[in-house]
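Below: one structure, written as C-alpha cells.
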Amino acid sequence: MEFTEAYKQTGPCCFSPNSRYIAVAVDYRLVIRDTLSFKVVQLFSCLDKISLVEWANDSEYILCGLYKRPMIQAWSLTQPEWTCKIDEGPAGIAYARWSPDSRHILTTSDFQLRLTVWSLLNTACIHVQGPKHGSKGVSFTKDGKFAAICTRRDCKDYVNLLSCHTWEIMGAFAVDTLDLADIEWSPDDSAIVIWDSPLEYKVLIYSPDGRCLSKYQAYESGLGVKSVSWSPCGQYLAVGSYDQMLRVLNHLTWKTFAEFMHLSTVRGPCCAAIFKEVDEPLHLNMSELCLSDEFLQGNSEGHFRVMYEVTEVPISLPFQKPPADKPNPKQGIGLMSWSKDSRYIYTRNDSMPTALWIWDIHHLELAAILVQKDPIRAAAWDPTCPRLVLCTGSSHLYMWTPSGACCVSNPLPQFNINDLKWNSDGSCLLLKDKDSFCCAAVSLMPESSEYSSDD
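Residue numbering for the sequence shown follows numbering that gives the first Met the number 0, beginning at 0 and increasing consecutively.
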C-alpha cells in the first residue's frame with residue numbers, strides 16, 4: 000500500500016463517481032484535485048465556509064452547502080465560468096442533494112416547511128410541502144426514474160412518488176407509522192422499506208403502488224429499530240435493533256431467516272476467527288553497538304509493532320453499559336454494511352464500540368471478530384470485492400478479507416485516521432485526519448488472496 004503526502008482540508012472530502020477527481024473543502028474554497036497526479040485542476044471560491052460537498056452522478060457538476068449563510072452553490076468542471084447559486088431566503092436550507100439525472104438539485108428548508116426541486120436546465124422550481132425530514136426521508140430508484148419523498152400532514156406520514164423526468168406527483172399513500180424514521184427503495188426497485196422511530200419497533204414493506212406487502216415487528220416493549228440496510232443483490236434486508244441483535248429478512252416471504260446476537264462473551268463452539276489488536280515489542284539486538292547508558296535508558300521503551308493476534312474462545316469483549324437516565328443510549332446495532340457480493344455483513348454493537356463483527360450469510364454464522372484497542376470510527380467495504388477496511392483514530396489501517404486480517408501502518412507523521420472512503424473502482428482510499436487528508440493506493444485483490452494475520 001502506497002501513501003501520498005498529506006494535504007489540508009477543513010471539511011468534506013470525496014471522490015467523484017468516476018474516480019478521476021477528489022473534491023476537498025478548505026475553508027471558503029473548493030479544491031478539485033486529480034486522483035493520479037494530485038495536482039489542482041480547479042479552484043472555486045464560495046461565499047462562506049463549506050459544510051457539504053456532493054458530486055453529481057455524471058461527475059460534471061458539484062454542489063457546496065453553505066449552511067451558515069444559508070445557501071447552495073454549484074459548479075461545473077467542464078465549464079468553469081458557469082455558476083449557480085440557490086437561496087431560499089427566510090425559509091433557509093437544511094440540506095441539499097442531487098437528483099439522479101445530475102441536472103436538478105433538491106433542497107429542504109429549515110423546519111421542514113418544503114422541499115424544492117431546482118432545475119439547472121430552465122431555472123424552474125417545483126415545491127413539495129411538508130417533507131418529513133431534512134437529510135433523510137428521500138430515496139431514488141436505482142434506474143433514476145422515480146423519487147419517494149416522505150411527508151407529514153394532519154399528524155400522519157405519507158409517501159409521495161414523483162417522476163424524476165417531469166417532477167409531477169405520480170401517486171401518494173399513507174403509511175402505518177407513528178413517526179417515520181426513513182425510507183429506502185430496494186435494489187431492484189420492486190419494493191420500498193419504511194421503518195418507524197426507535198420508540199416503535201416497526202418495519203414496513205410497500206409496493207410502489209402503495210400496497211403493504213409485509214409488516215415486521217420483532218418485539219413490542221423497549222427501543223426498536225436502529226439501522227436498516229438492503230443487500231446489494233436485493234434478496235436480503237438487514238435490520239439492526241437496540242436489543243443488540245441483527246435480523247435478516249428474505250425478499251420472498253419477508254420473514255426472518257437469521258438472527259445474530261452480539262454477546263459480550265463469545266464462547267464455543269465457534270468457527271469464527273477472532274483477531275485482537277496487540278502491541279508487540281520490537282526486540283533490537285544492540286549488543287554490538289557502543290551506546291551510552293543514558294541513551295539506552297531513554298530509548299528502550301516505546302518501540303512497538305501493531306499487529307493482530309489470533310485469539311481462542313472464550314473471550315470477553317469490552318462492554319460499556321449506557322446510563323439509564325440519558326436519551327439515545329449507545330447500544331444496539333448502530334453501524335452495519337453489506338459486502339459487494341452480499342455474502343458478508345459487518346456490524347458494530349454500540350455498547351461494544353471496539354469490536355467489529357463479520358457475519359457470513361451463506362453459512363449463517365459468524366465469520367470473524369476484529370477486536371481493536373480503540374473505538375471503531377469508520378469501516379467500509381471495497382466496492383469490487385469482499386475486502387473490509389476500518390479505522391479507529393490511530394495511525395493504522397486495519398484490513399480484513401476471508402483469508403485473514405492485517406494491520407497497515409501509515410507512514411505520515413502525526414496523522415491519525417478518523418474517517419475513510421473508497422473510490423468507485425476499489426483502487427484508492429481517502430483517509431482523513433482532523434485537518435488534513437491523504438490517499439492510499441490499494442492493490443487489486445486477486446481471486447485467492449492470502450493475507451497473514453500480522454503485517
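Even for Gly, the Cβ is constructed at its ideal location relative to N, Cα and C.
Query: Cβ-based neighbour list, K141, same chain, cut-off 8 Å, excluding 5 preceding and 5 following; Result: W184, P186, D187 and D188
Query: Bridge partners - H467, DSSP secondary structure assignment; Result: The question about residue 467 has no answer here: the residues shown for the chain are numbered 0 through 454.
Query: Residues near E308 by beta carbon distance below 6 Å, same chain, minus five either side; Result: K275 and V277
Query: Residue of T3, K431, N56 and N249 minimising C-alpha distance to L212; Result: N249
Query: Alpha carbon of Y157 to alpha carbon of I191, nearest angstrom; Result: 13 Å
Query: Sequence-distant residues of the same chain with beta carbon closer than 7 Å to N56, five excluded per side; Result: P16, W97, P99 and S101
Query: Local Cβ density within 10 Å of E258, reported as buried at 16 or more and exposed below that; Result: exposed
Query: Sequence ranges, beta strand (DSSP E) only - wholly within the segment 117 to 178, length at least 3; Result: 124 to 128, 137 to 139, 145 to 152, 155 to 162 and 168 to 173
Query: Test item: CB-CB of C427 and V441 under 8 Å; Result: yes
Query: Reduced DSSP category for F274 - H, G, I as helix; E, B as strand; rest coil; Result: strand
Query: Opposing strand residues paired with G403 [DSSP bridges]; Result: T400
Query: I97, enclosing beta strand (DSSP E) - first and last residue; Result: Reading the sequence as shown, one finds Trp at residue 97 and not Ile. Residues Y94 to W97.
Query: Residue environment, C63, which counts as buried when at least 16 other CB atoms sit within 10 Å; Result: buried
Query: Beta-carbon spacing of D109, A90 below 8 Å; Result: yes
Query: Bounding residues of the beta strand (DSSP E) (the contiguous stretch that carries I344); Result: Y343 to N348
Query: Spatial neighbours of A93 in its chain, beta-carbon cut-off 6 Å, leaving aside the 5 residues before and after; Result: T107, D109 and G133
Query: C-beta contact flag for V137 and I125 at 8 Å; Result: no
Query: Sequence-distant residues of its chain with Cβ nearer than 6 Å to P328 (five each side left out); Result: P321
Query: Residues that H395 bridges to, as DSSP identifies them; Result: S408
Query: Backbone CA spacing between I168 and N121 [nearest angstrom]; Result: 20 Å
Query: Other residues of its chain near D349: CB distance less than 7 Å, five sequence neighbours each side excluded; Result: K329, Q330, G331 and G333
Query: Distance, G170 Cα to C12 Cα; Result: 37 Å
Query: Straight-line Cα distance separating V30 from E59; Result: 15 Å
Query: Supposed contact pair L65 and C45 - C-beta distance, whole angstroms, cut 8 Å; Result: 6 Å
Query: Beta-bridge partners of G239, as assigned by DSSP; Result: S226 and L245
Query: Of the listed residues L251, M70 and V312, nearest to I204 (C-alpha basis); Result: L251
Query: Proximity of A73 and I49 at Cβ, strictly below 8 Å; Result: no
Query: Beta-carbon proximity of A377 to L419, cut-off 8 Å; Result: yes
Query: Residue span of the beta strand (DSSP E) that contains I193, given as start and end; Result: I191 to D195
Query: Run of the beta strand (DSSP E) containing H103, from where it starts to where it stops; Result: H103 to T107
Query: Collapsed DSSP secondary structure at G88 in the structure displayed; Result: helix
Query: Between the CA atoms of N159 and A118 - distance to the nearest angstrom; Result: First, the residue type needs correcting, since residue 118 is Ser and not Ala in the sequence shown. Whole-angstrom Cα-Cα distance: 19 Å.
Query: Identity of the residue in P412, P382, Y235 and L198 nearest D359 by Cα; Result: Y235
Query: Residue(s) in a DSSP beta bridge with W184; Result: I191
Query: 8 Å contact criterion, which S230 and W337 should meet: CB distance rounded; Result: 5 Å
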